[in-house]
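Residue numbers (the numbering used here), protein chains in the order written: chain A, 1 to 267; chain B, 1001 to 1267.
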């Protein structure tokens, strides 16, 4: 592991590319290896044990590729598997939940924060625990929004149907008068504009992708392992359907994705 | 394999329970083993090779449990894997696509049939091929409806949002003036009433679950392997989250599901 080593980023599928996009904007010199576990997507509806098994196999793959740091760019895997990964993987592992929580705690004035995410993330209570760890006096309200991921994957970012579904999910949360809402799923930044329209301008939306990019920058600086290349290289691996990943991935990444390689992971 | 042997039914998750429900209604004396591959759900967005790998592992598990027949109660796996399973599995294997197609071909008067299903099923063109094989003169129109499965799993069977989404997906299909529409996904029977409201009474909806139950009855009769018990036993296995399967499964099965066992499949 040295400064030229890549940053490893993984997610169950495409969503983590919003995290990678934020990281590349802040750290354009870094080499990055992305792994999308498209054979097992989505993680949100699966159990702790199964998701942690996938997360460990992917992390081992990334370590074999000599990464200097692993970002768990998937909220479900961060919720379920981060503690296990930190124990078993020899490079630093950071997850979206700690970063998103810190940003929300810093932002909230009235100490009322909402979290939205997949069923797995919300049921795990991981954001609640993390926010309470950071500041006991913050009240946390949460809502699972299972239809948001398929809506994003369908490309219906600001259709009327999408806004109706956002309203349906967020009505109860809005009654709680939170001033901050965490997008607790890496797909959700693509619905950010529609969500903002529904909830109005007085509620601040926290995008964990931006939060974690800042955390990575600080960590690399503290450890003095920032890359000094002119332009970092980006490599993409998936466990299934590389063509589909190339096609849809660009929407999440914000620019064209090429040469996605399919690999089979050891169990 | 004898008449007391069970019928094996598998699906990527819960959806196949609509098939099991139809089979138990028609054949209440049969023992049935159901396998829901909840660790890998959904199949609809995954590749042929990955889905066929799952389907083979499950079929081997069912054969070990001495089934006399396997129903592939998943449209994606039927589209991708049926030919492979027929070659490699020693008991008869039947899929929902052949049965649903036959029922549609029999039903259509104007020789115009629509098929709706997951992305995987529709892209495979399996219904188109099967219908054309059965009757070359039938025109087939198809539409992938990726939001239907999460809508069903959310329990929004007849919400206004659901009808809006059905309209969005079916507008183009309706212009084709088909008189028959195949529900090419085992989740869709739970949206049948809402779909019928949107498309009107002049289009007949074909439920593959009912079609395949009839096919199974004929096959058992022809081979003289019908069970003669008073009441068949029903056993349920899943690859993840048995509690969730018990809770949601009853909606698909139409009655309470208990004692769901979690197993890990050999690769």
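Cβ coordinates follow ideal geometry from the N, Cα and C atoms, glycine included.
Nothing here was measured: the structure is a model prediction, and the numbers come from that model.
Would you kindly work out how many angstroms separate the C-alpha atoms of residue i and residue j, rounded to a whole number?
i               : j               : result
residue 197(A)  : residue 251(A)  : 21 Å
residue 1046(B) : residue 46(A)   : 16 Å
residue 54(A)   : residue 1222(B) : 45 Å
residue 230(A)  : residue 1145(B) : 45 Å
residue 184(A)  : residue 52(A)   : 18 Å
residue 29(A)   : residue 67(A)   : 15 Å
residue 242(A)  : residue 260(A)  : 6 Å
residue 266(A)  : residue 173(A)  : 42 Å
residue 1202(B) : residue 1133(B) : 26 Å
residue 1248(B) : residue 1150(B) : 13 Å
residue 191(A)  : residue 255(A)  : 18 Å
residue 16(A)   : residue 258(A)  : 16 Å
residue 1136(B) : residue 1126(B) : 14 Å
residue 1186(B) : residue 1042(B) : 12 Å
residue 60(A)   : residue 1112(B) : 52 Å
residue 167(A)  : residue 160(A)  : 11 Å
residue 1182(B) : residue 1101(B) : 8 Å
residue 58(A)   : residue 236(A)  : 13 Å
residue 163(A)  : residue 1165(B) : 12 Å
residue 219(A)  : residue 1032(B) : 56 Å
residue 154(A)  : residue 1226(B) : 45 Å
residue 1088(B) : residue 207(A)  : 49 Å
residue 1234(B) : residue 1195(B) : 31 Å
residue 1138(B) : residue 1176(B) : 13 Å
residue 56(A)   : residue 1004(B) : 43 Å
How is residue i classed by DSSP in three states: helix, strand or coil?
i               : result
residue 152(A)  : helix
residue 43(A)   : coil
residue 1196(B) : helix
residue 204(A)  : strand
residue 1139(B) : strand
residue 1234(B) : strand
residue 1211(B) : helix
residue 1252(B) : helix
residue 1245(B) : helix
residue 1144(B) : strand
residue 228(A)  : coil
residue 186(A)  : coil
residue 1132(B) : helix
residue 162(A)  : helix
residue 1180(B) : strand
residue 258(A)  : coil
residue 11(A)   : strand
Quick one: residues in its chain with C-beta nearer than 8 Å to the C-beta of residue i, no 5 flanking neighbours on either side, listed in chain order?
i               : result
residue 213(A)  : 19, 22, 23, 25, 26, 27
residue 124(A)  : 48, 76, 79, 80
residue 143(A)  : 114, 115, 116, 122, 169, 170, 172, 173
residue 210(A)  : 22, 103
residue 1264(B) : 1239
residue 193(A)  : 157, 158
residue 109(A)  : 179
Counting only the same chain and skipping the five closest in sequence on each side, list residues whose C-beta sits under 6 Å from that of residue i.
i               : result
residue 1093(B) : 1070, 1085, 1086
residue 12(A)   : 37, 41, 42, 43, 74
residue 156(A)  : 162
residue 35(A)   : 10, 58, 237
residue 1006(B) : 1031, 1032, 1033, 1067
Leaving out five residues before and five after residue i in sequence, what residues of the same chain have Cβ atoms less than 7 Å from its Cβ?
i               : result
residue 82(A)   : 72, 93, 95
residue 152(A)  : 187, 190, 191
residue 1178(B) : 1112, 1113, 1114, 1141, 1203
residue 98(A)   : 130
residue 147(A)  : 165
residue 215(A)  : 94, 99
residue 91(A)   : 1, 63, 67, 68, 69, 70
*Taking a Cβ distance cut-off of 9 Å, strictly less, list which residues of the region 1028-1047 of chain B are near chain A, in chain order.*
Cβ contacts with chain A: 1038, 1039, 1040, 1041, 1042, 1045, 1046, 1047.
*Which residues, in chain order, does the region 233-246 of chain A contribute to contact with chain B at a C-beta distance below 7 Å?*
Sequence-ordered contacts of the region 233-246 of chain A with chain B read 240, 241 [C-beta pairs closer than 7 Å].
*Using a Cβ cut-off of 9 Å, which residues of the region 1153-1166 of chain B contact any Cβ in chain A, in chain order?*
Per Cβ criterion, the list reads 1153, 1154, 1156, 1159, 1160, 1161, 1164, 1165.
_Runs of 3 residues minimum, wholly inside the region 1045-1129 of chain B: which ones carry the beta strand (DSSP E) assignment?_
Scanning the region 1045-1129 of chain B for uninterrupted beta strand (DSSP E) segments of 3 residues or longer gives 1069-1072, 1093-1095, 1112-1117, listed from N- to C-terminal end.
_Any C-beta of chain A within less than 9 Å: which residues of the region 1128-1157 of chain B qualify?_
Correct list: 1146, 1147, 1149, 1150, 1151, 1153, 1154, 1156.
*Closer than 7 Å, Cβ to any Cβ of chain C: which residues of the region 1166-1187 of chain B, in chain order?*
Annotation note: the requested chain C is absent from the structure, which comprises protein chains A and B.
_Against chain B: residues of the region 46-71 of chain A by CB proximity under 7 Å_ = Within the region 46-71 of chain A, the qualifying residues are 46, 47, 50.
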